Amino acid sequence: MKVFSGSSNKPLAGKIAHLLNTKLSPLEIFIFPDGERRITIEERVVDEDVVIVQTTSPDPDTSYMELFFLVDAAKRSGAKNITAVVPYLGYQRQDHVFRDGEAVSLEVIIKTLESTGMDRLITLDLHSIKIPELFKIPILHLSALPIFAKKIRSSALGWSDRKTDQQENRNQKTDNREPITDCILISPDMGGIRRIKILSELLGNMPFAAVVKDRDLSSGDIVSNKFDENGFRKGIKKAMIVDDMISTGKTISAACDLLIENGVEEILVFATHPVFSNDAKNILQNCRANKIYVTDTIKIPEKSKFSKLEVLSVAEEIYKNLKI
Ligand code: R5P
226 MKVFSGSSNK PLAGKIAHLL NTKLSPLEIF IFPDGERRIT IEERVVDEDV VIVQTTSPDP
286 DTSYMELFFL VDAAKRSGAK NITAVVPYLG YQRQDHVFRD GEAVSLEVII KTLESTGMDR
346 LITLDLHSIK IPELFKIPIL HLSALPIFAK KIRSSALGWS DRKTDQQENR NQKTDNREPI
406 TDCILISPDM GGIRRIKILS ELLGNMPFAA VVKDRDLSSG DIVSNKFDEN GFRKGIKKAM
466 IVDDMISTGK TISAACDLLI ENGVEEILVF ATHPVFSNDA KNILQNCRAN KIYVTDTIKI
526 PEKSKFSKLE VLSVAEEIYK NLKI
C-alpha cells in the first residue's frame, strides 16, 4: 500500500503511514508564480492500493485542488485502487439551500471528488448523517466518539475511581457498568442530539441534554438560553459538551455560560474538528470550560494552540479501517 499526503495535515498522514508499517511516498507540489499548483507523484503506483490523505481546513479551496490533482495523478499513473482519506470534509455545512439564491456547495464538491476517479472516501464526524447518501462512490463515515468515550472513562470527571484496566478492555463498545448520574453530556445545539445519544450509549446510558441554540445567519451571533425539554436536571455539577466541530468557538462559549448559570461547576469540551477560525483561540481559552479536547483531523498551527487544549489522534481509527 502506498500512502501520499497533501500539504494540509502531514503529521496525521505520517502517523497513519507509520501504523501501516510504511513511510509517506514522495511527491512534488510545485507552486507557480501565479499560485497554480502542479502535483507530481514520485513513486511507481502501477497496480498498487493507494491512500491519499488530505484534510480540507484551513484553506479549503487550495486543499481540495491538491486533493483533486493527487487523485488524478495516482489514477493516471496506474493505481489499482485509490482511497481518499479526508478527515475533515470542508463545505459540509453548506449541504442545502438556507436562503434563496445560494449554491449547494457541498454537492459541487462531491461531484468533483467523484469525477477524479477515486474508489472510496474515508471521513470523520460529518455534520449531518444524511451527507453520505449524497455520494455515489462508497464512503466510510468514521467517528471520534469512541475516542472521546475512552477519554471520558479515564478522566477526572467521575470515572477514574469506577474502573479497572480489565473493565476498560471488556467495555470497548458499550459500557454496561453503573451509569454515571452526577455528570451530564451536553449537545450545544439540537442538531447534535444523535451524536450525544450515541456517546451516551457508549458510556452506559449516561444522562444527556441539548441546548436550544439560535444563530443569526448573517452576523453569526449566537443565542443559547435554554435546554431542550428532556432537559437538564438542576443540581448537576459536571458536564461534558460534545460537538462535531469548533469554528469561531461561540457555540461552545455560549453553552458553557448556560451551564454555569445553571449551577454546573466543571465542564469538559469534546469536539472532533478544530476548525478554529477568527478569534477562536481567545474565545476558547477564556470560556468557562476547564479543558477542551479536539482531534488531529485538522492540523492546529502552534500560534492557535492554548493551554486548555488537548489533541487526541484519530490515526488509529483510520488505520483500523484501511487495513480491512
Ligand atoms: C453547528 O451546527 C456545528 O455543529 C457547530 O456547533 C458549529 O459549526 C460551531 O461553530 P462555532 O464554533 O463558529 O460556533
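In terms of the working numbering, the sequence shown is residues 226 to 549. Just so it is clear, CB atoms sit at the ideal spot from N, CA and C, and this is done for glycine as well. Bear in mind that the values here come from a model prediction, so they are computed numbers and not experimental data.
How do the region 279-289 and the region 506-524 stand: do at least 3 beta-carbon pairs fall below 8 Å, yes or no? Cβ pair count under 8 Å is three or more, so yes.
Whose C-alpha, out of 255, 371, 377 and 469, is nearest the C-alpha of residue 415? Here residue 415 refers to the residue found at position 190 of the sequence shown. The shortest Cα separation from residue 415 among 255, 371, 377 and 469 belongs to 469.
Which of the three DSSP states is assigned to residue 278 in this structure? Within the sequence shown, the letter at position 53 stands for residue 278. Strand.
Taking the alpha-carbon of residue 271 as reference, which of 432, 307 and 246 has the nearest alpha-carbon? Here residue 271 refers to the residue found at position 46 when the sequence shown is read from its first residue. Of 432, 307 and 246, the residue nearest in Cα terms is 307.
Where residue 408 falls: helix, strand or coil (DSSP): Stepping through the sequence shown from its first residue, residue 408 is reached at position 183. Strand at residue 408.
Range covered by the beta strand (DSSP E) that runs through residue 457: Residue 457 sits at position 232 when you count from the first residue of the sequence shown. Where residue 457 is concerned, there is no enclosing beta strand (DSSP E), given that its DSSP letter is neither H nor E.
For residue 230, which beta-bridge partners are listed by DSSP? Position 5 of the sequence shown, counting from 1, holds the residue named residue 230. Its beta-bridge partners are 278.
With a threshold of 7 Å, establish whether the CB of residue 321 neighbours any heavy atom of ligand 2. No copy of ligand 2 appears in this structure; the ligands present are ligand 1.
Report buried or exposed for residue 322, applying the criterion of at least 16 other Cβ atoms within 10 angstroms of its Cβ. In the sequence shown, the residue the question calls residue 322 occupies position 97. Residue 322 is exposed by the Cβ-count criterion.
In terms of residues, what are the limits of the alpha helix (DSSP H) holding residue 313? Locating residue 313 in the sequence shown gives position 88, counting from the first residue. Neither: residue 313 is in no alpha helix (DSSP H) and is coded neither H nor E.
For ligand 1, is there a heavy atom less than 7 Å away from the beta-carbon of residue 414? For the purposes of this step, residue 414 is identified with residue 189 of the sequence shown, where counting begins at 1. Residue 414 Cβ: within cutoff of ligand 1.
So does residue 226 have its beta carbon nearer than 7 Å to some heavy atom of ligand 1? Position 1 of the sequence shown, counted from the first residue, corresponds to residue 226. For residue 226, the Cβ stays outside the 7 Å cut-off from all heavy atoms of ligand 1.
Where does the unbroken alpha helix (DSSP H) through residue 370 begin, and where does it stop? Walking along the sequence shown from the start, residue 370 turns up at place 145. First-last of the alpha helix (DSSP H) with residue 370: 370-379.
How should residue 407 be labelled, buried or exposed, when 16 other C-beta atoms within 10 angstroms of its C-beta is the threshold for buried? Locating residue 407 in the sequence shown gives position 182, where the first residue counts as 1. It counts as exposed.
Burial state of residue 317, where buried means 16 or more other Cβ atoms lie within 10 Å: Residue mapping note: residue 317 aligns to position 92 of the sequence shown, counting from 1. Looking at its Cβ environment, which holds 16 or more other Cβ atoms inside 10 Å, residue 317 is buried.
Looking at residue 473: is its Cβ nearer than 8 Å to the Cβ of residue 505? As a working note, residue 473 is residue 248 in the sequence shown. As a working note, residue 505 is residue 280 in the sequence shown. Yes, the Cβ-Cβ distance between residue 473 and residue 505 is below 8 Å.
Go ahead and pull the three-state DSSP assignment for residue 465. One-based indexing of the sequence shown puts residue 465 at position 240. Looking at residue 465 - three-state DSSP - the assignment turns out to be strand.
Closest residue to residue 366 among 373, 428, 454 and 352 (Cα-Cα distance): Start at 1 with the first residue of the sequence shown, and residue 366 comes out as number 141. Nearest C-alpha to residue 366: 352.
In this structure, does DSSP put residue 392 in helix, strand or coil? Residue mapping note: residue 392 aligns to position 167 of the sequence shown, counting from 1. Because residue 392 carries a pLDDT of 46, less than 50, the predicted location of this residue cannot be relied on, and the following value inherits that uncertainty. Here residue 392 sits in helix by DSSP.
CB of residue 333 within 8 Å of CB of residue 299, strictly: Counted from its first residue, the sequence shown places residue 333 at position 108. Counted from its first residue, the sequence shown places residue 299 at position 74. Not closer than 8 Å, so no.
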